[in-house]
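Count along the sequence shown from 1, then add 7; that gives the number in this note's numbering. Even glycine gets a Cβ: it sits at the ideal position worked out from N, Cα and C. These notes are about the structure you will find just below.
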Amino acid sequence: MSASDPDQSPLASPAQDFRKLKANGSAAAQELTGWLAKMRGKSPVEVLGAVANSNLIRSFVQAAIGVAVFIFVFTVIPWTVSLIRGDSGEAAVAETVSEPAAEETEEVGKTPSEEGTPAGAEATPKGPDIDLGNPEAIADQLGVGETKEAPANVNPLDGSVDDLLEGLE
């Protein structure tokens, strides 16, 4: 295929999409007007019979059932399984935050400054001890719920020191 091949078109072209939309829209409008012309002059029972014979209602019901099954499979079943197993979220936290394994604390490849450290001790300083099973202790350590007073006469939106667009032109 060469670049001058008429069958070759760009992957996404708004002009081509609008042409297809116009053609498909006019075809759908013609089909609808034709159907309405056939229904003109018929009794309501005959019109309802024509609608009942079409696949539109059956397709709609099938789609609704499919969406309900999809929601059931991907929400209710995992929720029920987590209730049966007894997961409350604490098990996931305990798995991700664990003590270092024995292999990690062995003296392998230490630098001269770390040679005086005992085998079981950590070389890096530890942070404050927090009970991971106590959400209140974690929230207190992170400062959740604390309020800070801002100066009443200063607008934080006026004259910011952090001008992100400075120097860009």
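Span separating the alpha-carbon of Val74 from that of Ile84:
15 Å
Can you give me the C-alpha to C-alpha distance between Glu143 and Leu90, rounded to a whole angstrom?
24 Å
Ignore the nearest five residues each way along the sequence and tell me which others in Asn31's own chain have a CB closer than 8 Å to its CB.
none
Backbone CA spacing between Arg92 and Phe67 [nearest angstrom]:
37 Å
Integer-rounded CB distance, given that Gly152 should sit under 8 Å from Ala146
6 Å
Between the C-alpha atoms of Arg65 and Phe25, what's the straight-line distance to the nearest angstrom?
31 Å
Where Thr40 and Trp86 are concerned, what is the direct C-alpha to C-alpha distance, given to the nearest angstrom?
49 Å
As assigned by DSSP and simplified to three states, the class of Asn60:
helix
Say yes only if the C-beta of Ile64 is nearer than 7 Å to one or more non-hydrogen atoms of the ligand ADP, and no if none qualify.
The ligand ADP is absent from the structure shown, which contains no ligands of any kind.
Would you kindly work out how many angstroms separate the C-alpha atoms of Ser33 and Arg47, rounded to a whole number?
21 Å
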